[in-house]
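Going line by line, the protein sequences match chains A and B. For the first sequence, counting from 1, position 12 maps to 12 in the UniProt record's numbering; every step adds exactly one. For the second sequence, counting from 1, position 111 maps to 111 in the UniProt record's numbering; every step adds exactly one. Quick notes on the structure that follows.
Protein chains: 2
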Amino acid sequence: MDKTVNSRRTLGEWMRQCREARQLPLRKVAAHLDVDTSIVAKMEKGQRHPNRIHLQRLAELFDEPFDDVLVLYLSDRVAYELASERCSDDVLRVAEEKIKYLRSKNVKQGELEF
Amino acid sequence: MDKTVNSRRTLGEWMRQCREARQLPLRKVAAHLDVDTSIVAKMEKGQRHPNRIHLQRLAELFDEPFDDVLVLYLSDRVAYELASERCSDDVLRVAEEKIKYLRSKNVKQGELEF
DNA sequence: GAATTTTGGACAAATAATGTCAATTATTCA
DNA sequence: TGAATAATTGACATTATTTGTCCAAAATTC
Numbered sequence: 001m002d003k004t005v006n007s008r009r010t011l012g013e014w015m016r017q018c019r020e021a022r023q024l025p026l027r028k029v030a031a032h033l034d035v036d037t038s039i040v041a042k043m044e045k046g047q048r049h050p051n052r053i054h055l056q057r058l059a060e061l062f063d064e065p066f067d068d069v070l071v072l073y074l075s076d077r078v079a080y081e082l083a084s085e086r087c088s089d090d091v092l093r094v095a096e097e098k099i100k101y102l103r104s105k106n107v108k109q110g111e112l113e114f
Numbered sequence: 001m002d003k004t005v006n007s008r009r010t011l012g013e014w015m016r017q018c019r020e021a022r023q024l025p026l027r028k029v030a031a032h033l034d035v036d037t038s039i040v041a042k043m044e045k046g047q048r049h050p051n052r053i054h055l056q057r058l059a060e061l062f063d064e065p066f067d068d069v070l071v072l073y074l075s076d077r078v079a080y081e082l083a084s085e086r087c088s089d090d091v092l093r094v095a096e097e098k099i100k101y102l103r104s105k106n107v108k109q110g111e112l113e114f
């Protein structure tokens, strides 16, 4: 649970730390992701979201398991969405139940349609 | 936590149950929300998301505390987003920490910008 | 079986997200 | 210092996504 990658850090901060640890300029990461430098700068600040392909490339570039990066990414989305809401704890607990519920419902129907 | 409203039910299912309990046609709810009937039908199936104003009107129409409806709504969004991901449990736990982190960061900066 | 209700899809309008570019600011280091 | 490189920022066009309306077809009710 307290994996080094994911604990109390945003995806952007993880990116920046990885990049600086390797002394790479934004340009290099940008080239690897095949986007403009400014996009990477914004990603590191949480102002832009990488897509799945970006995540894969980040994982390979920074030598991190893809799943960990994915968790980092998804939890970012949830966190940014809920950070300004008073009731975020309730939301997370209810969401956990609801996910189970949705899955069981879809298993019953034999189809996945999220 | 296990409030009647929120436990293991989607927002749409809650809407439908409330509506049927009162024997209202979609038309009536639609009028109250000021949208087309088909939108309400889709909301009940989770194919359309109500906005904040809709939530307020739903709360008053079905006589439910607004905050409960809000939790129902937000947890729906999270659940639909994560239901198809393998690692949703990790995501929720990391997200919880991250929310605290984001808040403390923004408190320090003295500004809210989510 | 007529009237009402519900469902679903096509469509246009509104909104949000994405990436490129260029200009400005900051940092590095010779 | 000052030239070169790096980082930040905002404007902009483009693309996706979301939203609601309208309409026609099913389904339900009575």
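The C-beta atom is built at its ideal place from N, Cα and C for all residues, glycine as well. Quick caveat, the model's predicted, so the values are computed rather than measured.
Measure how close the beta-carbons of residue i and residue j come, nearest whole angstrom, since I'm counting them as under 8 Å.
i, j, result
"residue 74(A)", "residue 79(B)", "The pair is not a contact, with the Cβ atoms about 13 Å apart (cut-off 8 Å)."
"residue 39(A)", "residue 48(A)", "6 Å"
"residue 98(A)", "residue 10(B)", "7 Å"
"residue 59(A)", "residue 50(A)", "Contact flag wrong, Cβ pair sits at about 11 Å."
"residue 32(A)", "residue 57(A)", "6 Å"
"residue 55(B)", "residue 14(B)", "Not a contact, Cβ separation roughly 11 Å."
"residue 29(B)", "residue 61(B)", "7 Å"
Quick one: using the 10 Å Cβ neighbour count with 16 as the cut-off for buried, is residue i buried or exposed?
i, result
"residue 104(A)", "exposed"
"residue 44(A)", "buried"
"residue 86(A)", "exposed"
"residue 83(A)", "buried"
"residue 95(B)", "buried"
"residue 76(B)", "buried"
"residue 69(B)", "buried"
"residue 112(A)", "Residue confidence for residue 112(A) is low, a pLDDT of 43 falling below 50, so the modelled location carries little weight and cannot support an answer."
Should residue i be flagged as near chain B, meaning a C-beta pair shorter than 7 Å?
i, result
"residue 96(A)", "yes"
"residue 104(A)", "no"
"residue 11(A)", "no"
Would you say residue i reaches chain A, if we count a Cβ-Cβ gap shorter than 7 Å as a contact?
i, result
"residue 88(B)", "yes"
"residue 111(B)", "Because residue 111(B) sits at a pLDDT of 44, beneath the cut-off of 50, its placement in the model cannot be relied upon, and the following sentence gives the value as read from the coordinates. For residue 111(B), the answer is no, since every Cβ of chain A falls outside 7 Å of its Cβ."
**Q.** Contacting positions in the UniProt domain "HTH cro/C1-type" (15-69) of chain A - beta carbon closer than 8 Å to chain B
**A.** 67
Q) Does the region 13-29 of chain A come within contact of the region 86-97 of chain A, defined as at least 3 CB pairs closer than 8 Å? A) no
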